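Peer 1: Sharing a structure with you now.
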Amino acid sequence: MNETKRNGLSYRDAGVDIDAGNLLVEKIKPAVKSTRRPGADSELGGFGGLFDLKAAGFTDPVLVAANDGVGTKLKIAIEAGKHDTVGIDLVAMCVNDLVVQGAEPLFFLDYFATGALDPDEGATIVEGIAEGCRQAGCALIGGETAEMPGMYSKGDYDLAGFAVGAAERGQLLPAEDLAEGDVIFGLASSGVHSNGFSLVRRVAELAGLGWQAAAPFAPGKTLGEALLEPTRIYVKPLLAAIRETGAVKALAHITGGGFPENIPRVLPKHLSAEIDLETITVPPVFSWLARAGGVAPAEMMRTFNCGVGMIGVCPADRLEEVLGVLAREGETAFALGRIVAREDGMAGTVYNGMISL
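Under the UniProt record's numbering, think of the first position of the sequence shown as 1, with each following residue one higher.
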């Protein structure tokens, strides 16, 4: 009896349902198809995704790759039962890192790992990924779903994303002619984006607020809904500014580490970024985090974007032209500072004024 039972085990008995995985693939096919673009026309189901660079219009391309995840923002999505936007975050965190190098995102692949696969929930997540790809103009050409009981508790999941883009040789950013006197511009963020959520969750805990509580900083929304506002995808507006003006010299995606960690990554060692903090319109979520958590301004600035999700550099006499293209493309963009000579002992990012938290 015991021998028969032992020999009769199935993969489903061990917690992995192949049929659920196949059902998920069928559910997501329309979403995946909606992301097709020149260069990507193959169906799901192969062992690898295909992309034709020539069909995408490139002649002498340099490929640029990036990967990232959503981090502990996923815990809020899981606990709040809201899964439709984290896929946008996943794409955003990858493709925004491509465009800062002057690259056009071409295709995206995702990795979705869970303890027990729910095909409807999985489809909702992938539909969010497809929406992010549409916003970025890249094709979702494949992915992997891993059902791993014992690795993840029931209801938990994790996401990782992988994006590849291209730029014509000689057109990558940052440019070599960054110089003292160039100006810095900022693009407004949509909120916390996808960094610092371990601190966000700690602040919510200290404030005694659950995800279904009213958001103190967003009337009419629950705390979970407000905090799950997806990361803004800047790809199409920035590509328009790059291509139409030819004036964008550098871009930096403001993620974990904020201004002090991210801006110097695109500057030569002899230059620093001088930021006018009083030009920033700080979204209410950051003021709430600072007050409710007692988080000091310097800690806020090195943990969160504080209202600026992307910065760029251009010549001073081209600023209005660049800002005009970005405004036409739907971005809130504004002068933020300037490039200065970096003196001995000077930080890569220095500040004027105080941020209005």
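Where is the CB? At the ideal position from N, CA and C, for every residue including glycine. As the structure is a prediction and not an experimental result, all values here were calculated from the model.
Smallest Cα separation from residue 353: which of 277, 334, 318 and 331?
Peer 2: For the purposes of this step, residue 353 is identified with residue 353 of the sequence shown, where counting begins at 1. For the residues 277, 334, 318 and 331, the minimum Cα distance to residue 353 belongs to 277.
Peer 1: What's the C-alpha gap between residue 147 and residue 236?
Peer 2: As a first step, residue 147 is located in the sequence shown; it is residue number 147 there, counting from the start. As a first step, residue 236 is located in the sequence shown; it is residue number 236 there, counting from the start. The alpha-carbon atoms of residue 147 and residue 236 are separated by roughly 34 Å.
Peer 1: CB-CB under 6 Å to residue 196, same chain, minus the five flanking residues each way: which ones, in chain order?
Peer 2: Along the sequence shown, read from residue 1 onward, the residue named residue 196 stands at position 196. Counting only Cβ-Cβ distances below 6 Å, and skipping sequence neighbours, we find 303 and 304.
Peer 1: Considering only their Cβ atoms, is the gap separating residue 159 from residue 132 smaller than 8 Å?
Peer 2: Here residue 132 refers to the residue found at position 132 when the sequence shown is read from its first residue. Here residue 159 refers to the residue found at position 159 when the sequence shown is read from its first residue. No, the Cβ-Cβ distance between residue 132 and residue 159 is not below 8 Å.
Peer 1: Could you pull out every residue in the same chain whose Cβ sits closer than 6 Å to the Cβ of residue 157, ignoring the five residues on either side in sequence?
Peer 2: Taking the sequence shown and counting its residues from 1, one reaches residue 157 at position 157. 114.
Peer 1: Mind pulling the alpha helix (DSSP H) runs of 4 or more residues that sit fully within the UniProt domain "PurM-like N-terminal" (62-166)?
Peer 2: Fully enclosed alpha helix (DSSP H) runs of 4 or longer: 73-80, 86-99 and 119-136.
Peer 1: Identify every run of the beta strand (DSSP E) within the region 255-295, keeping only runs that are complete inside it and at least 3 residues long; order them along the chain.
Peer 2: Within the region 255-295, the complete beta strand (DSSP E) runs of at least 3 residues are 271-276.
Peer 1: Could you give the uninterrupted runs of the beta strand (DSSP E) lying entirely in the region 297-324, keeping only those of 3 residues or more?
Peer 2: With a minimum length of 3 residues, the continuous beta strand (DSSP E) runs that stay inside the region 297-324 are 308-314.
Peer 1: Taking just the CA atoms, how far does residue 47 sit from residue 40?
Peer 2: Taking the first residue of the sequence shown as 1, we reach residue 40 at position 40. Taking the first residue of the sequence shown as 1, we reach residue 47 at position 47. Whole-angstrom Cα-Cα distance: 15 Å.
Peer 1: How would you write the range of the beta strand (DSSP E) that residue 336 sits in, first residue to last?
Peer 2: Counting from one through the sequence shown, the residue named residue 336 turns up at place 336. Element bounds for residue 336: 333-341.
Peer 1: Going straight from the alpha carbon of residue 67 to that of residue 93, what length do you get?
Peer 2: Translated into positions along the sequence shown, residue 67 becomes position 67. Translated into positions along the sequence shown, residue 93 becomes position 93. When rounded, the distance between both Cα atoms is 8 Å.
Peer 1: How is residue 50 classed by DSSP in three states: helix, strand or coil?
Peer 2: The count along the sequence shown starts at 1 and reaches residue 50 at position 50. Note: residue 50 maps to coil in three-state DSSP.
Peer 1: Among residues of its own chain, excluding the 5 on either side of residue 332, which ones have a beta-carbon nearer than 6 Å to its beta-carbon?
Peer 2: As a first step, residue 332 is located in the sequence shown; it is residue number 332 there, counting from the start. Correct list, in chain order: 188.
Peer 1: Is residue 217 helix, strand or coil when you go by DSSP?
Peer 2: Walking along the sequence shown from the start, residue 217 turns up at place 217. In the structure shown, residue 217 sits in coil (DSSP, three-state: anything other than H, G, I, E or B).
Peer 1: Helix, strand or coil for residue 35, going by three-state DSSP, please let me know.
Peer 2: In the sequence shown, residue 35 corresponds to position 35, counting from 1. Residue 35: coil per DSSP, three-state reduction.
Peer 1: Quick one: grab the DSSP three-state call for residue 21.
Peer 2: One-based indexing of the sequence shown puts residue 21 at position 21. Residue 21 falls in the helix class under three-state DSSP.
Peer 1: Whose C-alpha, out of 105, 118 and 50, is nearest the C-alpha of residue 22?
Peer 2: As a first step, residue 22 is located in the sequence shown; it is residue number 22 there, counting from the start. When only C-alpha atoms are compared, the closest one is 118.
Peer 1: Enumerate in chain order the residues of its own chain whose CB-to-CB distance from residue 266 is below 6 Å, with the five nearest sequence positions on each side excluded.
Peer 2: Position 266 of the sequence shown, counted from the first residue, corresponds to residue 266. Here the set comprises 174, 250 and 252.
Peer 1: Beta-carbon separation of residue 76 and residue 243 under 8 Å?
Peer 2: As a position in the sequence shown, residue 76 is number 76, starting the count at 1. As a position in the sequence shown, residue 243 is number 243, starting the count at 1. No, Cβ-Cβ distance for residue 76 and residue 243 is not below 8 Å.
Peer 1: Starting from the C-beta of residue 284, find all residues in its chain whose C-beta is less than 6 Å away, skip the five residues before and the five after it, and write them out in chain order.
Peer 2: Working through the sequence shown from its first residue, we reach residue 284 at position 284. Closer than 6 Å at the Cβ level, and outside the excluded window around residue 284, lie 217.
Peer 1: Which whole-angstrom value describes the C-beta separation of residue 274 and residue 192, a residue pair presumed to lie in contact below a C-beta threshold of 8 Å?
Peer 2: The residue given as residue 274 occupies position 274 in the sequence shown. The residue given as residue 192 occupies position 192 in the sequence shown. In fact, because the Cβ distance is near 25 Å, the residues do not count as touching under 8 Å.
Peer 1: May I ask which residues mark the beginning and end of the alpha helix (DSSP H) holding residue 362?
Peer 2: Absent from the model: residue 362. The displayed extent of the chain is 1 to 357, so no value can be given.
Peer 1: Under a three-way DSSP split, which group does residue 245 fall into?
Peer 2: Here the question's residue 245 lines up with position 245 in the sequence shown. DSSP places residue 245 in helix when its eight states are reduced to three.
Peer 1: Which residues in the same chain have their Cβ closer than 7 Å to the Cβ of residue 60, if we skip the five residues on either side of it in sequence?
Peer 2: To locate residue 60, count along the sequence shown from 1; it is residue 60. 168 and 169, listed in sequence order.
Peer 1: For residue 186, name the three-state secondary structure that DSSP assigns.
Peer 2: Locating residue 186 in the sequence shown gives position 186, where the first residue counts as 1. In this structure, residue 186 counts as strand in the three-state DSSP scheme.
Peer 1: Counting only beta-carbon separations shorter than 8 Å, does residue 308 have a partner in chain B?
Peer 2: Absence of chain B from the displayed structure is noted, only one protein chain being present.
Peer 1: Which class does residue 229 belong to by DSSP, given the choice of helix, strand or coil?
Peer 2: By 1-based counting over the sequence shown, the position of residue 229 is 229. In the structure shown, residue 229 sits in coil (DSSP, three-state: anything other than H, G, I, E or B).
Peer 1: Give the straight-line distance between the Cα atoms of residue 99 and residue 106, rounded to the nearest whole angstrom.
Peer 2: If you number the sequence shown from 1, residue 99 lands on position 99. If you number the sequence shown from 1, residue 106 lands on position 106. Roughly 11 Å between the two C-alpha positions.
Peer 1: With distances taken between CB atoms, is the gap from residue 88 to residue 231 smaller than 8 Å?
Peer 2: Residue numbering aside, residue 88 sits at position 88 when the sequence shown is read from its first letter. Residue numbering aside, residue 231 sits at position 231 when the sequence shown is read from its first letter. Yes, the Cβ-Cβ distance between residue 88 and residue 231 is below 8 Å.
Peer 1: Taking buried to mean at least 16 other C-beta atoms within 10 Å of its own C-beta, is residue 128 buried or exposed?
Peer 2: Residue numbering aside, residue 128 sits at position 128 when the sequence shown is read from its first letter. So residue 128 ends up on the buried side.
Peer 1: Residue 183: which of 248, 307 and 346 sits nearest, CA to CA?
Peer 2: For the purposes of this step, residue 183 is taken as the residue at position 183 of the sequence shown. With distances taken between Cα atoms, residue 183 lies closest to 248.
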